[in-house]
Structures are given as C-alpha cells and as structure tokens.
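Numbering (full-length UniProt numbering), first residue to last: 1 to 447.
Yeah, the Cβ is synthetic: ideal placement off N, Cα and C, and Gly gets one too.
If you're wondering where the values come from, they're calculated on a predicted model, not measured in any experiment.
Following: one structure in structure tokens, then a few remarks.
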DNA sequence: AGCACA
C-alpha cells in the first residue's frame with residue numbers, strides 16, 4: 001500500500017545472509033563456474049544459476065553466514081573483481097536467507113527434453129543437426145520440432161531421464177557448433193528444460209519430426225520439401241544452393257544500415273538490382289539482388305565476415321537466399337528497387353506504407369534524389385565517386401585492396417588481408433548516433 | 001549491474 005521509506009530503505013541494504021546474489025554473470029555461466037569462484041570462501045550448500053530474464057544472475061548459499069561474509073568482504077576490498085569468463089561479477093547479500101529450489105515443471109527430470117533454440121528460425125537448424133548434437137549423449141528415440149512464440153523448439157526423447165539429464169546439463173546454454181549452421185546464423189543458444197511428455201507421438205518422418213525407433217513410419221510429403229533444401233549434404237558438407245540473391249544478416253548493428261549503405265557496399269561487385277532490409281529474430285537482415293549468380297558469389301566471398309564499419313560494427317554474414325527475384329513494393333530506406341524508372345518510384349512513394357516508413361527514417365538518403373532523376377545511374381555497376389557527394393567517407397574503389405577491414409574476431413576468414421594492410425579504413429556514413437557529441441562524424445569509431 | 005520460486 002504505502003510506499004513507506006521503510007520498504008525502499010531496505011531494498012538495497014546489505015543485511016548479511018548466507019545467500020549471495022551474483023549478477024552480471026555471462027549468459028552461459030555454468031553451475032561449476034559459479035561454484036568455482038565461491039568455494040574458496042566456504043562450503044556451498046545450494047546454488048541457483050542462470051536466473052532472471054537474461055539468465056545472468058545466480059544465487060549461492062553457503063553453509064555458514066561467516067563464509068558468505070568472507071566472500072563479500074573479500075571482493076569489497078579486493079582490487080581484482082570477481083570474474084567469470086572475463087566478466088566482472090557483482091556480489092551482494094541476497095535479501096533471502098535460503099535458496100528454495102522449487103523444482104517446477106521443466107526442472108523435474110524426465111526422458112523428454114524441451115529445447116528452445118534461440119536466435120534461429122526453423123529453417124536454420126535441420127532436424128538432422130539436432131539429432132547429431134543430442135545423439136552424443138545416447139540414443140535419440142524421437143524428435144518433434146515446432147515453432148511457437150518462444151521461437152524454434154524441439155522435443156527430444158531419450159531412453160531415460162538419466163540420459164536426458166546428461167544432455168541437458170551438457171548443452172543447456174551452449175550453442176550448436178557454427179559449422180553445423182547456415183552462415184547467416186550468428187549464435188544460437190540452446191535453452192533446455194524437461195518436458196512433461198514421456199513418449200512423443202510421431203506420425204510421419206518429415207523435416208519437422210522423426211521417429212528413429214521406427215524407420216518404416218510413413219514419410220510425409222513435407223519431408224520431401226525438407227530434402228530439397230538440405231542445410232547439409234549427405235556427407236555432412238555444406239551444400240548451399242547458389243542464388244543471385246544474397247541474404248545478409250548484420251551482426252552487432254550499432255549504426256544504422258540503410259539501403260544506401262548496403263547499395264554502396266554491395267555495388268562494389270556489380271549492379272545491385274534490389275535491396276530489402278527487414279528484422280528477423282531481433283536481428284537485422286537484408287536481401288541483396290544481383291543480376292546473376294556469379295556476381296552474387298563474388299560479393300558473398302568477398303564480404304563474408306567483414307564489417308561495414310570498422311571496429312567490429314555491422315558485421316556481415318552472407319548466404320544465398322532462396323529468392324531469385326525480390327518483390328520490392330516500397331521505396332524507402334529499407335527497401336529499394338534500383339531497376340525502376342523514376343515514374344514508378346514516384347508512384348510508389350504515394351503508396352501507403354512508404355510514407356510511414358519514411359517518417360521513421362532519421363537518416364536522409366543522399367543518393368536517392370540523383371538516382372531517381374537518372375535511372376541509368378541506378379544501374380551503375382560499380383564505383384562512381386560522384387555518388388559519394390556529401391558523404392564524408394573515404395571509399396575504396398573495387399579492384400583496390402580489400403575495402404573492408406577484416407573483423408577482429410576469431411571467426412574471421414583467414415584468407416583476407418590482415419588488419420592494417422593497405423588503406424583499410426572502413427567506409428563511414430554520416431549521422432552516426434554513437435559519435436561523440438560535437439565530434440565530426442567522419443572519424444571511424446575507435447579513433 | 002540490482003533478487004529466483006509460487
């Protein structure tokens with residue numbers, strides 16, 4: 001009722017407790033890692049890991065109050081903070097005095113796991129990949145996959161709860177190895193709990209469900225569809241279907257990426273016909289259409305893993321799209337058809353949808369006007385310095401050394417020019433929100 | 001970076 005000072009006063013006070021509250025833990029933090037940093041201070045009687053919406057908090061209960069006090073005092077005066085996987089962990093007394101492990105549904109062990117695969121859509125992770133990953137722990141009887149609000153999910157049936165628990169303990173919070181996934185998938189964390197099911201009812205062998213105990217189960221027609229677009233070939237090699245349309249997923253998107261930005265980047269390899277930018281699973285993706293597969297292949301090869309902006313910002317992951325001709329209906333900063341003549345563009349701008357999209361545009365596209373007036377310019381296959389008018393960026397023309405600085409990550413392609421070789425500064429675009437106030441926006445971040 | 005579970 002009353003928001004008396006008595007309540008708020010105690011919210012952040014540090015009444016000692018055997019239970020410690022740890023926060024800012026890495027998402028993947030395991031119970032072992034938690035125990036590792038706590039056990040020097042005393043006997044741990046209980047833990048609760050991966051707590052909270054971000055799964056980055058934990059509770060640790062010591063046998064004795066003094067042990068908890070010793071840990072808190074140690075890190076209160078230590079120059080080295082507590083760390084897990086390089087992340088500073090903040091430790092306080094919990095406002096409760098014991099951990100209650102309410103083993104709710106999802107935590108009561110059973111032989112069927114409910115696996116949520118975060119950061120992917122259904123097509124990204126094949127049932128064969130799931131089978132491969134979980135078979136490491138024992139015979140997988142059945143798999144059923146489905147898409148819900150929570151995302152792409154799978155029910156995985158093992159022989160017994162022991163096997164299922166082993167798989168859960170090993171894989172919960174972990175990622176499926178990158179080489180088993182399409183290239184545009186950045187990360188896909190597995191969130192695993194126990195299902196209440198004990199025996200899945202699989203009716204067909206299909207791309208959505210499998211019964212490995214019954215190879216004679218009828219094959220659903222939709223399974224054929226699944227074999228038409230295999231993420232992996234029979235030998236386990238990546239088998240991508242080439243296309244003139246590239247699917248780009250943009251990782252670490254600190255800065256705005258508009259069609260203009262993408263057009264400039266991808267035009268270095270040939271005529272860009274159409275671009276569509278959209279959001280998928282909280283990340284940004286774009287489809288870039290070239291006239292032919294060869295151009296797309298060159299662009300894909302050259303740009304994969306590279307960043308639009310220096311410093312690891314807007315890292316590109318490219319794969320071939322299933323599309324061959326994009327249906328671009330709006331003309332705004334998220335979608336553009338460069339093959340259209342001016343009249344069509346003007347007509348499009350009066351279409352519903354184009355206007356609303358324009359209001360969300362905080363970055364006016366400088367190339368837009370020039371191209372609308374001269375459709376031939378839109379067909380310009382490659383580099384044209386005049387297209388950069390008003391742009392502070394120093395762009396590398398195609399044919400020069402790599403215009404795009406290699407990403408600083410370990411996953412970077414090894415066959416690319418090393419950082420600092422040649423004039424490798426990333427192209428920059430105006431109006432970068434992260435630029436320090438008052439600073440010219442021509443300097444790349446990190447300068 | 002700021003408290004779970006019913």
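Distance, Cα to Cα, residue 342 vs residue 129? Taking the first residue of the first chain as 1, we reach residue 342 at position 342. Taking the first residue of the first chain as 1, we reach residue 129 at position 129. One C-alpha to the other measures close to 47 Å.
Local Cβ density within 10 Å of residue 251, reported as buried at 16 or more and exposed below that: Taking the first residue of the first chain as 1, we reach residue 251 at position 251. Result: buried.
DSSP state of residue 466, grouped into three classes? Lying outside 1 to 447, the shown extent of the chain, residue 466 is not represented and no answer is given.
Taking the straight line between their C-alpha atoms, what separation do you get for residue 272 and residue 340? For the purposes of this step, residue 272 is identified with residue 272 of the first chain, where counting begins at 1. For the purposes of this step, residue 340 is identified with residue 340 of the first chain, where counting begins at 1. If you take the alpha carbons of residue 272 and residue 340, they lie about 12 Å apart.
Among residues of its own chain, excluding the 5 on either side of residue 292, which ones have a beta-carbon nearer than 7 Å to its beta-carbon? As a working mapping, residue 292 is identified with position 292 in the first chain. Excluding residues within five positions, the ones whose Cβ falls inside 7 Å are 244.
Helix, strand or coil for residue 46, going by three-state DSSP, please let me know. Against the first chain, residue 46 aligns to sequence position 46. Strand at residue 46.
Could you tell me the alpha carbon to alpha carbon distance between residue 204 and residue 141, rounded to whole angstroms? As a working mapping, residue 204 is identified with position 204 in the first chain. As a working mapping, residue 141 is identified with position 141 in the first chain. About 14 Å.
Paired residues, beta bridge with residue 87 - DSSP: Here residue 87 is taken as the residue at index 87 of the first chain, counted from 1. DSSP, once it has assigned bridges, lists 84 as partnering residue 87.
For residue 277 and residue 257, believed in contact at Cβ under 8 Å, the rounded distance: Residue 257 sits at position 257 when you count from the first residue of the first chain. Residue 277 sits at position 277 when you count from the first residue of the first chain. With a Cβ gap of about 7 Å, residue 257 and residue 277 count as contacting.
Nearest to residue 56 (by Cα), restricted to the options 28, 264 and 185: For the purposes of this step, residue 56 is identified with residue 56 of the first chain, where counting begins at 1. If you compare the alpha carbons of 28, 264 and 185 with that of residue 56, the shortest gap goes to 28.
My guess is that residue 190 and residue 217 are in contact by the Cβ rule of under 8 Å, so how many angstroms apart are they, rounded? Start at 1 with the first residue of the first chain, and residue 190 comes out as number 190. Start at 1 with the first residue of the first chain, and residue 217 comes out as number 217. With a contact defined as Cβ atoms closer than 8 Å, residue 190 and residue 217 miss out at about 26 Å.
Once DSSP output is grouped into helix, strand and coil, what is the label at residue 273? The residue you call residue 273 lines up with position 273 of the first chain. Coil, per DSSP.
8 Å Cβ cutoff met for residue 307 and residue 253: Your numbering for residue 307 matches position 307 in the first chain. Your numbering for residue 253 matches position 253 in the first chain. In this structure, residue 307 keeps its C-beta atom at 8 Å or more from the C-beta atom of residue 253.
Quick check: the segment 113 to 127 against the segment 65 to 82, are there 3 or more CB pairs under 8 Å? In short, these stretches do not touch, since the Cβ pair count stays below three.
Report, in whole angstroms, the separation of the C-beta atoms of residue 455 and residue 48, which I expect to be a contact under 8 Å. Any property of residue 455 remains undetermined from this structure, which presents the chain solely from 1 to 447.
From residue 294 to residue 179, what distance separates their C-alpha atoms? One-based indexing of the first chain puts residue 294 at position 294. One-based indexing of the first chain puts residue 179 at position 179. Cα to Cα, the separation comes out at about 24 Å.
On the criterion of 16 or more Cβ atoms from any shown chain inside 10 Å, does residue 324 qualify as buried, or is it exposed? Locating residue 324 in the first chain gives position 324, where the first residue counts as 1. With fewer than 16 other Cβ atoms within 10 Å, it is exposed.
In chain order, which beta strand (DSSP E) runs of at least 3 residues are fully inside the segment 275 to 320? Taking only runs of at least 3 residues, the beta strand (DSSP E) segments lying wholly in the segment 275 to 320 are 283 to 289, 307 to 309 and 313 to 320.
For residue 76, count neighbouring Cβ atoms within 10 angstroms of its own Cβ and tell me buried if that reaches 16, exposed if not. Along the first chain, read from residue 1 onward, the residue named residue 76 stands at position 76. Under this definition residue 76 is an exposed residue.
Does the beta-carbon distance from residue 472 to residue 19 come in below 8 Å? Outside the displayed span of the chain (1 to 447) sits residue 472, for which this structure offers no information.
From the DSSP secondary-structure annotation, give me the bridge partner or partners of residue 152. In the first chain, the residue the question calls residue 152 occupies position 152. Per DSSP, 117 and 147.
Just the C-alpha distance for residue 283 and residue 197, rounded to the nearest angstrom, thanks. Looking up residue 283 in the first chain gives position 283. Looking up residue 197 in the first chain gives position 197. Annotation: residue 283 to residue 197 spans about 33 Å, alpha carbon to alpha carbon.
Does the Cβ-Cβ distance between residue 44 and residue 125 come in under 8 Å? The sequence position of residue 44 within the first chain is 44, counting from 1. The sequence position of residue 125 within the first chain is 125, counting from 1. No. Outside cutoff.
What residues are listed by DSSP as bridge partners for residue 93? Within the first chain, the letter at position 93 stands for residue 93. Answer is 20.
Identified DSSP bridge partners for residue 205: Looking up residue 205 in the first chain gives position 205. Residue 205 is bridged by DSSP to 219.
Residue 318 versus residue 17: straight-line alpha-carbon distance, rounded: Translated into positions along the first chain, residue 318 becomes position 318. Translated into positions along the first chain, residue 17 becomes position 17. Distance from the CA of residue 318 to the CA of residue 17, rounded to the nearest whole angstrom, comes to 51 Å.
Please work out which residues of its chain come closer than 6 Å, Cβ to Cβ, to residue 162, disregarding the five sequence neighbours upstream and downstream, and give them in chain order. For this step, residue 162 is matched to residue 162 along the first chain. Answer for residue 162: no residue qualifies.
Note the first and the last residue of the continuous beta strand (DSSP E) segment covering residue 193. On the first chain, residue 193 is found 193 positions in, with the first residue counted as 1. Annotation for residue 193: the continuous beta strand (DSSP E) segment containing it runs 190 to 194.
Could you pull out every residue in the same chain whose Cβ sits closer than 7 Å to the Cβ of residue 212, ignoring the five residues on either side in sequence? Along the first chain, read from residue 1 onward, the residue named residue 212 stands at position 212. Within its own chain, the residues whose Cβ lies closer than 7 Å to the Cβ of residue 212, once the five positions on either side in sequence are excluded, are 140, 141 and 142, listed in chain order.
For a quick check, are the C-beta atoms of residue 109 and residue 164 less than 8 Å apart? Position 109 of the first chain, counted from the start, is the residue given in the question as residue 109. Position 164 of the first chain, counted from the start, is the residue given in the question as residue 164. Contact: yes.
My output table needs one value for residue 14: the three-state DSSP class, helix, strand or coil. By one-based count along the first chain, residue 14 stands at place 14. The three-state reading of DSSP puts residue 14 in coil, since its state is none of H, G, I, E or B.
Local conformation of residue 141 per DSSP, three classes: Stepping through the first chain from its first residue, residue 141 is reached at position 141. Looking at residue 141 - three-state DSSP - the assignment turns out to be strand.
Comparing the CB of residue 22 with every heavy atom of the ligand GTP, is any distance shorter than 7 Å? By its list of ligands, the structure shown contains no ligand whatsoever, and the ligand GTP lies outside what it can speak to.
State the Cα-Cα distance for the pair residue 82 and residue 37, rounded to the nearest angstrom. Here the question's residue 82 lines up with position 82 in the first chain. Here the question's residue 37 lines up with position 37 in the first chain. The alpha-carbon atoms of residue 82 and residue 37 are separated by roughly 7 Å.
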